[in-house]
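I have placed the structure first, in the form of structure tokens, so that the comments after it can refer back to it.
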Amino acid sequence: MSSPPRGEITAQLEPVVAEAVARMGFDLEELGVQQAGRRRLVKVVIDSDDGVGLDDISGVSREVSKVLDAHEHVLAGSYTLEVTSPGVDRPLIRPRHWRRARYRLVKLRLADGEQLVARAGEADDDGVTVLVGGELRRLAYRDVERAVVEVEFQQPPAEDLVKLERAAGGVSQQGDDREDTEESR
1 MSSPPRGEIT AQLEPVVAEA VARMGFDLEE LGVQQAGRRR LVKVVIDSDD
51 GVGLDDISGV SREVSKVLDA HEHVLAGSYT LEVTSPGVDR PLIRPRHWRR
101 ARYRLVKLRL ADGEQLVARA GEADDDGVTV LVGGELRRLA YRDVERAVVE
151 VEFQQPPAED LVKLERAAGG VSQQGDDRED TEESR
């Protein structure tokens, strides 16, 4: 029996893999299936608001493996499963990506060609507030052509965090009191 085309395999597996990933408390960011010699490589990229640790990867890997074994007729042969989290250079595409990037430095290219380096603030379903050169600016997602997180090796300036908190209407937090830092990930 011949196997279905790769795109069709992904389409058939995505709902059941997404369900298994969601049961474990994570979001399925990407599912890819490709031929790797005589086997198929099934790549599953997961994420969550609280990040992804090695124990999380192991647990999700076991659950997804069970689901794939139950749907072996779709893969039509042996497979290698790779479960991972998105890299730091993952583009910020969905509102949840922006919410997870709050207080992080981001590099943006806008639809009009303007390029910015800004600190991400409050994000909702339509757009994000960013701090650029000490000034708050509201960007609609439709106006952002590309955005990625910039790696920082030190705490963000406390005054930037205060401005972003005030813009969101929240209580400001000072630098070292923050839990969502690069060191704690």
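Quick note on UniProt numbering: the sequence shown kicks off at 1 and runs consecutively. Backbone N, C-alpha and C define an ideal beta-carbon position, used for all residues, glycine too.
What does DSSP give as the partner residue(s) for residue i in the beta ladder?
i, result
"threonine 84", "Val45"
"glycine 32", "Lys43"
"arginine 102", "Note: arginine 102 sits in no beta bridge, so no partner."
"tyrosine 79", "Arg40"
"alanine 123", "Val128"
Would the beta-carbon of residue i be found less than 8 Å away from any heavy atom of the ligand FAD?
i, result
"leucine 13", "Although the ligand FAD was asked about, the structure shown includes no ligands whatsoever."
Less than 9 Å separating the beta-carbons of residue i and residue j?
i, j, result
"leucine 110", "leucine 139", "yes"
"residue 202", "proline 95", "The structure shown does not extend to residue 202, since the chain is modelled only from 1 through 185, so no value can be given for it."
"valine 88", "valine 33", "no"
"valine 60", "valine 42", "no"
"leucine 68", "leucine 13", "yes"
"arginine 146", "alanine 123", "no"
"glycine 134", "lysine 163", "yes"
Provide the residue span of the alpha helix (DSSP H) that contains residue i, from first to last.
i, result
"valine 162", "158-168"
"alanine 70", "54-70"
Report the CB separation of residue i from residue j in whole angstroms; it is logged as a contact under 8 Å.
i, j, result
"serine 65", "leucine 81", "6 Å"
From which residue to which residue does the beta strand (DSSP E) around residue i run?
i, result
"alanine 147", "144-149"
"glutamate 135", "135-140"
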